[in-house]
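Novice: Dumping the structure here so I can ask a few things about it.
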DNA sequence: TCGCAAGCTTGACATTTATCAATCACTTCG
DNA sequence: CGAAGTGATTGATAAATGTCAAGCTTGCGA
């Protein structure tokens with residue numbers, strides 16, 4: 223892999239504390255690949271030979287069962303994915319598909335495990351990262367079990383707003399059909415949910431969302447730090 | 223904590239590879255407590271000062287939002303819980319309550335983090351454990367999003383059967399109301415679901431389950447290793 | 001033994017969500 | 001420009017799930 227990508231990757235929490243020589247060694251064994259949009263990169267159930275790092279573009283992780291499919295999460299740069307499978311040398315639990323043209327670094331899982339053994343800063347970073355992701359996953363479960371789809375949408379909008387600097391208006395980062403799948407509902411139901419949120423201060427125009435009555439939306443959504451606050 | 227408990231704890235994957243002196247040090251700073259049934263030990267949102275190890279009894283982890291409550295999981299001996307919060311020094315995402323009289327070891331989170339830094343075998347065990355739990359959580363999410371409540375129940379029964387050596391008859395390990403909450407449904411709905419499973423080879427008598435037509439149940443439940451197989 | 005409490009079940013009904021079909025809006029491309 | 005395709009919306013309907021109230025078991029203690 224060309225050295226020019228090193229700094230970008232180095233900036234990730236996962237690699238920030240790693241010793242220089244270890245990092246260089248890890249990078250030397252890695253590949254960089256460019257994928258066009260809508261390419262299936264990973265199929266759930268396959269063995270996990272590489273840790274993936276998304277440098278640019280976007281990737282969705284999804285799962286299937288019995289002819290049904292659901293989007294689990296979207297990955298945005300710069301971020302790793304499939305860390306847990308890679309660490310435990312276990313099969314992927316989710317499939318990955320590019321949404322846009324994407325540049326992706328592939329680090330052999332074997333090298334990751336070796337670096338973990340050799341570099342304590344890296345080991346600590348992996349633990350922190352894994353613990354964070356585990357907690358994110360628990361939050362998702364809580365949301366699915368405790369909230370209706372309308373409440374999930376309302377809280378999703380508040381989270382998106384916060385991510386986009388709290389602006390009153392912002393763009394959805396996902397196609398609506400993908401958003402519906404992510405929230406665990408059908409596109410039709412999402413469409414109706416948007417309509418129902420008008421009564422709680424939300425105006426929709428295509429992919430543009432305006433929160434016209436913040437207080438009303440918050441009052442309805444009842445966001446909780448223990449579900450919605452990604453920083454803890 | 224009395225030395226007599228050491229071997230039991232030592233047998234956990236988490237501590238198996240730890241150096242003897244590190245392990246002894248960790249244990250010296252720990253407490254052991256006995257809790258009666260139905261005691262709230264941990265409230266979600268509180269800071270996580272201890273890693274907990276359940277030696278005997280059983281504990282349920284649950285979460286609340288907006289006056290609704292759901293059971294997330296039950297912990298059975300010997301097993302740790304709240305590892306991720308403890309590692310990341312973050313607030314608990316779930317509450318813990320004893321189901322039965324329980325004996326629990328409390329290890330200060332600070333000591334866990336110190337041991338992690340000092341003992342590489344322990345660090346590796348923590349990563350393996352966290353990755354395993356993360357994957358279990360992802361599987362739960364997949365199940366919630368991809369399966370109806372009837373399908374979740376059918377697969378739950380197959381998993382329980384496998385855990386109890388594949389016997390044709392076995393006992394539910396949970397009160398039905400708790401099972402309903404765990405599966406993300408109401409007790410009434412669970413009751414009706416059991417009835418509907420009669421058509422797929424399941425007979426229920428109180429908490430005793432008999433799978434009278436294994437093939438029919440499997441055909442309906444369509445268990446998948448990527449959701450149901452806890453060993454990968 | 002009786003009676004009560006807790007959990008479970010059942011029925012009737014309401015709400016939520018999904019499905020199917022049709023239409024609309026918008027983009028792409030010949 | 002106009003046709004075709006894709007995604008979004010809408011309406012009608014069905015299925016899944018929740019709610020409420022009542023009745024049913026069961027086990028325990030007075």
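Residue numbers (this note's numbering), protein chains in the order written: chain A, 223 to 454; chain B, 223 to 454.
By construction, the Cβ of each residue, glycine as well, lies at the ideal position given by its N, Cα and C atoms.
Taking only beta-carbon positions, decide if residue 357 of chain B is within less than 8 Å of chain A.
Specialist: yes
Novice: CB residue 277 of chain A to CB residue 228 of chain A, shorter than 8 Å?
Specialist: Not closer than 8 Å, so no.
Novice: Would you check if the region 317-330 of chain A and the region 259-277 of chain A touch, i.e. whether three or more CB-CB distances between them fall below 8 Å?
Specialist: yes
Novice: Give the DSSP bridge partners of residue 327 of chain A, in chain order.
Specialist: Answer is A/254, A/275.
Novice: Looking at C-alpha atoms only, which residue of B/402, B/410, B/319, B/380 is the closest neighbour of residue 435 of chain B?
Specialist: Of B/402, B/410, B/319, B/380, the residue nearest in Cα terms is B/380.
Novice: Comparing alpha-carbon positions, which option in B/351, B/323, B/371, B/366 lies nearest residue 259 of chain B?
Specialist: It is B/323 whose Cα lies nearest to the Cα of residue 259 of chain B.
Novice: Just to confirm the assignment: which complete alpha helix (DSSP H) runs, minimum length 4, are found wholly within the region 336-416 of chain A?
Specialist: 342-368, 371-385, 398-405
Novice: Among the residues of its own chain, which have a CB less than 6 Å from the CB of residue 240 of chain B, if the five just before and after it don't count?
Specialist: 341, 343, 344
Novice: On the three-state DSSP scale, how would you describe residue 458 of chain A?
Specialist: Residue 458 of chain A cannot be examined here, being either before or after the span of chain A that is shown, 223 to 454.
Novice: Below 8 Å on the Cβ atoms is my contact criterion, and I expect residue 375 of chain B with residue 419 of chain B to pass it. Report the Cβ-Cβ distance as a whole number of Å.
Specialist: 7 Å
Novice: Mind checking which residues open and close the beta strand (DSSP E) that includes residue 290 of chain A?
Specialist: 290-297
Novice: Taking the alpha helix (DSSP H) that residue 424 of chain A belongs to, which residues open and close that run?
Specialist: Residue 424 of chain A -> not in any alpha helix (DSSP H); beta strand (DSSP E) instead, spanning 424-427.
Novice: Using CA atoms only, rank isn't needed, just tell me which of B/402, B/249, B/308 is closest to residue 413 of chain B.
Specialist: B/402
Novice: At the level of alpha carbons, what is the spacing between residue 300 of chain A and residue 253 of chain A?
Specialist: 16 Å
Novice: Cβ closer than 7 Å: which chain A residues qualify as neighbours of residue 306 of chain B?
Specialist: 353, 356, 357
Novice: Using only the alpha-carbon positions, how far apart do residue 405 of chain B and residue 453 of chain A sit?
Specialist: Going by the C-alpha atoms only, they are around 28 Å apart.
Novice: Taking a cut of 8 Å between CB atoms, which residues from the region 334-354 of chain B lie near chain A?
Specialist: 338, 339, 342, 345, 346, 348, 349, 350, 352, 353, 354
Novice: What is the DSSP secondary structure of residue 309 of chain A, counted as helix, strand or coil?
Specialist: helix
Novice: Where do the N-terminal and C-terminal ends of the alpha helix (DSSP H) with residue 459 of chain A fall, by residue?
Specialist: Nothing can be reported for residue 459 of chain A, as the shown portion of chain A is limited to 223 through 454.
Novice: Can you name, in chain order, every residue of its own chain whose Cβ lies under 8 Å from the Cβ of residue 234 of chain B, other than the five neighbours on each side?
Specialist: Answer for residue 234 of chain B: 275, 300, 301, 302, listed in chain order.
Novice: At a CB-CB cut-off below 9 Å, which residues of chain B make contact with residue 288 of chain A?
Specialist: What residue 288 of chain A touches in chain B: 368, 369, 373, 444, 446.
Novice: Going along the chain, which residues of its own chain have a beta-carbon closer than 8 Å to the beta-carbon of residue 398 of chain A, five neighbours each way excluded?
Specialist: 409, 412, 413, 429
Novice: With three or more beta-carbon pairs closer than 8 Å as the criterion, would you say the region 282-298 of chain B touches the region 312-320 of chain B?
Specialist: yes
Novice: Please name the residue, chosen from B/266, B/297, B/268, that lies closest to residue 279 of chain B on a Cα-to-Cα basis.
Specialist: B/297
Novice: Please list the partners that residue 411 of chain A has in chain B, where partner means a Cβ-to-Cβ separation under 9 Å.
Specialist: The premise fails here: residue 411 of chain A is roughly 14 Å from chain B at the closest Cβ pair, so nothing lies under 9 Å.
Novice: With 8 Å set as the bound, which would you pick, yes or no: does the beta-carbon of residue 296 of chain B sit closer than that to a beta-carbon of chain A?
Specialist: no
Novice: Just to confirm, are residue 440 of chain B and residue 348 of chain A a CB contact at a threshold of 8 Å?
Specialist: no
Novice: With a threshold of 8 Å between beta carbons, is residue 360 of chain B in contact with chain A?
Specialist: Interface residue, yes.
Novice: Can you give me the Cβ contacts of residue 392 of chain B inside the same chain, cut-off strictly under 8 Å, excluding the 5 residues immediately before and after it?
Specialist: In the same chain as residue 392 of chain B, and ignoring 5 residues on each side of it, the C-beta atoms closer than 8 Å to its own belong to 382, 383, 386, 430, 431, in chain order.
Novice: Cα separation between residue 433 of chain A and residue 295 of chain A?
Specialist: 24 Å
Novice: In the DSSP assignment, find the alpha helix (DSSP H) that holds residue 231 of chain A and state where it starts and stops.
Specialist: 228-232 is the extent of the alpha helix (DSSP H) around residue 231 of chain A.
Novice: Less than 7 Å between C-beta atoms, sequence neighbours within five positions excluded: which residues of the same chain meet that for residue 245 of chain A?
Specialist: Within the same chain, residue 245 of chain A has close Cβ partners 232, 237.
Novice: Any C-beta of chain B sitting closer than 8 Å to the C-beta of residue 247 of chain A?
Specialist: It does not: the Cβ of residue 247 of chain A has no partner Cβ on chain B nearer than 8 Å.
Novice: Anything in chain A within Cβ reach of residue 363 of chain B, meaning under 8 Å, just list it in chain order.
Specialist: Neighbours of residue 363 of chain B on chain A, chain order: 294, 359, 362, 363, 366.
Novice: Does residue 261 of chain B come out as helix, strand or coil in the three-state DSSP assignment?
Specialist: coil
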